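Notes follow once the structure below has been shown.
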Amino acid sequence: MKVNRLNRNSAGFPDSLKVIDRPPKQIYFSGLDPQDWLNKPRLAVVGSRKATAYGLTVTDSLVRKLAGSGIVIISGLAYGIDAAAHKAALAAGGQTVAVLPTSLDHIYPSSHINLARQIAKNGSLVSEYGPSDAIYKVNFTDRNRILTGLADAVLITEAAARSGTLTTARFALEQGKTVMVIPGNITSPSSEGCNNLIKSGALPVTDAADVFFALGLEPTKTKVSRTFRGTKEEETILSLIQGGVSDQEEIALKCEFDGSTVATVLISLELAGHIRPAGGGQWTTA
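All letters in the sequence shown, in the order written, are residues 2 to 287 by the numbering used here.
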């Protein structure tokens, strides 16, 4: 992936990052230029890395509606809620931005490299760290001030009492951003942090309409069209599946790609939300 750099005094450097605490000296990005999405409504969606089925379900449901209505979804590419938010945005045909705690030539976590590539096709990967910068534990916390700095508001869909996500809420509040929270079961430790934030004044969200209201948006006026931009291999295989070819071995025979290429492309299409496994080596459209 091509990596571009914007210094703080460069044209196109996000104005919102110039006024946060410890503004970055530069940012690096892959994919779309930030100016392609900075003029759109932007929502940071974050939460627990050890997400429950409830957290993943509500994240997927809400983000699909929000991204499908033109809201850019910003998250941190981490396990759990972050990855679910990125995938849901891609599945809705929307734009998503991943803010990394590492340089863009060192995707973290490494298991999300395919997801990162899909994000770069439909949005941007962003980091304040360059290729020669070391990776420190503090990077993961500092990353969150960039994440909230790029967003208009923040939505936390699941967080335990001591979740690192709560630092994201603190950065957002310091920056004057609205913090929204999905309420959880009062007996679930995984939702204790969210419920505590609501008691502290965060805006509870039970429907996408709550987010549209907080952002001052009319969802029917911001619909996006879903287009697929992929490699020749991705377009070929997706076309076969859309045409009714579901068996992975049959797909390989018809497209005449080698097995490893077919497997890689199928995973990429699944991460992008275009297809889903049906079991037994079968695939279908999502």
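Cβ coordinates follow ideal geometry from the N, Cα and C atoms, glycine included. Quick caveat, the model's predicted, so the values are computed rather than measured.
1. Excluding the 5 residues flanking T179 on each side, which residues of the same chain have their C-beta closer than 6 Å to its C-beta?
2. If distances are taken between C-alpha atoms only, which option among R65, E271, S112, S62 comes closest to A79?
3. Which residue or residues does DSSP assign as beta-bridge partners of V155?
4. Taking all protein chains shown into account, decide if R23 is buried (16 or more other Cβ within 10 angstroms of its Cβ) or exposed.
5. What residues in its chain sit with their C-beta under 8 Å from that of I72, if we drop five residues either side in the sequence?
6. Here's a check: name, in chain order, each residue in its chain whose Cβ is nearer than 6 Å to the Cβ of L267, leaving out the five neighbours to either side.
7. Quick check on A1: does DSSP put it in helix, strand or coil?
8. Whole-angstrom Cβ separation of L67 and A209, contact assumed at under 8 Å?
9. Determine which residues share a DSSP beta bridge with N5 and list them.
10. Below 9 Å between beta carbons: does that hold for A86 and V46?
11. So, with DSSP's three-state summary, where would you put P278?
12. In or out: D37 buried (at least 16 other Cβ within 10 Å) or exposed?
13. Does the distance from the CB of N196 to the CB of V206 come in under 9 Å?
14. Do the CB positions of D83 and R118 come within less than 9 Å of each other?
15. Spell out the partners DSSP gives V98 in its beta bridges.
16. Taking 9 Å as the cut-off, decide whether the C-beta atoms of N140 and Y130 are in contact.
17. Spatial neighbours of R171 within its chain, please: C-beta separation below 8 Å, excluding the five flanking residues on both sides.
18. For a quick check, are the C-beta atoms of G194 and S164 less than 9 Å apart?
19. Find the nearest neighbour of F30 within the set F14, G150, V20, judged by alpha-carbon distance.
20. Under the rule that 16 or more other beta-carbon atoms within 10 Å means buried, what is D61, buried or exposed?
Taking the definition as stated:
1. A154, A215
2. Checked all of R65, E271, S112, S62; the closest Cα to A79 is S112.
3. A45, V180, per the DSSP bridge assignment.
4. exposed
5. K41, P42, R43, L44, G95, V212, L216, L218, T223
6. Correct list: empty, nothing qualifies.
7. The structure shown does not extend to residue 1, since the chain spans only 2 to 287, so no value can be given for it.
8. With a Cβ gap of about 6 Å, L67 and A209 count as contacting.
9. Assignment of beta-bridge partners to N5 by DSSP yields F30.
10. Going by beta carbons, A86 and V46 fall inside the 9 Å limit.
11. strand
12. exposed
13. By the CB criterion at 9 Å, N196 and V206 fall outside the cutoff.
14. In this structure, R118 does not lie closer than 9 Å to D83 by Cβ.
15. I75, S125
16. yes
17. none
18. yes
19. F14
20. buried
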